[in-house]
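>
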Amino acid sequence: QDLAAYRLPNQTNRLALVFDPMADGVPFTFGLEIFEPGHKTAPHTHPSSQELFFILAGDGEGFCDGQRFPVAAGDAVAFPPRSLHGIDVSPSGRMYCLELMQPNDMFAEFVKAGQPLGGLADDDLCVLAALGCGGVLPGESSA
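Sequential numbering of the sequence shown, starting at 1, is according to UniProt numbering.
Here it is in structure tokens:
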């Protein structure tokens with residue numbers, strides 16, 4: 001709950017920094033990224049970084065260098081340096097991911113240029129608590 005969270009510049013997704021290279025002296029950025037329902041990532045590249053996602057909840061479609069593929073909870077996705085990539089989220093709900101940028105490649109600086117949000121929102125904490133305990137996510141049926 002004490003993680004610094006930011007809305008990324010000109011986007012609907014948010015990132016809570018778990019490891020910040022400037023504050024923690026590590027060569028990477030690691031955090032919890034939360035995408036709003038229907039989020040569309042603009043195709044982009046990172047000059048020297050691998051970007052990895054582990055999807056905790058939600059689903060959508062990833063794309064990399066012209067290839068599109070489904071992504072959902074339990075999937076791991078790796079985007080190599082200089083690849084044109086992104087993730088588009090289903091309109092049915094938020095997507096929660098662990099995100100790693102190695103090396104940082106100015107990513108933490110980009111994140112911090114966004115809107116500071118303080119910590120994670122209460123509804124996000126509830127989703128994460130349910131995931132951690134094997135509980136049913138809001139809007140899902142236990143049957």
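Glycine included, C-beta positions come from ideal geometry on N, C-alpha and C.
Can you have a look at residue 108 and say buried or exposed, based on whether 16 or more other CB atoms are within 10 angstroms of its CB?
Around the beta-carbon of residue 108, 16 or more other beta-carbon atoms lie within 10 Å, marking it buried.
> Output needed for residue 115: all residues of its chain with C-beta closer than 7 Å, excluding positions within five of it in sequence on either side, in chain order.
6 and 7
> Provide the residue span of the alpha helix (DSSP H) that contains residue 23, from first to last.
Note, residue 23: alpha helix (DSSP H), 21-24.
> DSSP beta-bridge partners for residue 99?
31 and 53
> Got a sec, what are the start and stop residues for the beta strand (DSSP E) residue 78 sits in?
76-79
> Rounding to the nearest angstrom, what Cα-Cα distance links residue 36 and residue 25 in this structure?
30 Å
> Does residue 9 pass the burial test, meaning 16 or more other C-beta atoms within 10 Å, or should it be called exposed?
exposed
> From the DSSP output, read off the bridge partner residues of residue 17.
4 and 31
> Quick one, are the C-beta atoms of residue 78 and residue 102 less than 8 Å apart?
no
> Starting from residue 61 and walking both ways along the beta strand (DSSP E), at which residues does that stretch end?
59-64
> Classify residue 84: buried if its beta carbon has 16 or more other beta carbons within 10 angstroms, exposed otherwise.
Its Cβ having fewer than 16 others within 10 Å, residue 84 is exposed.
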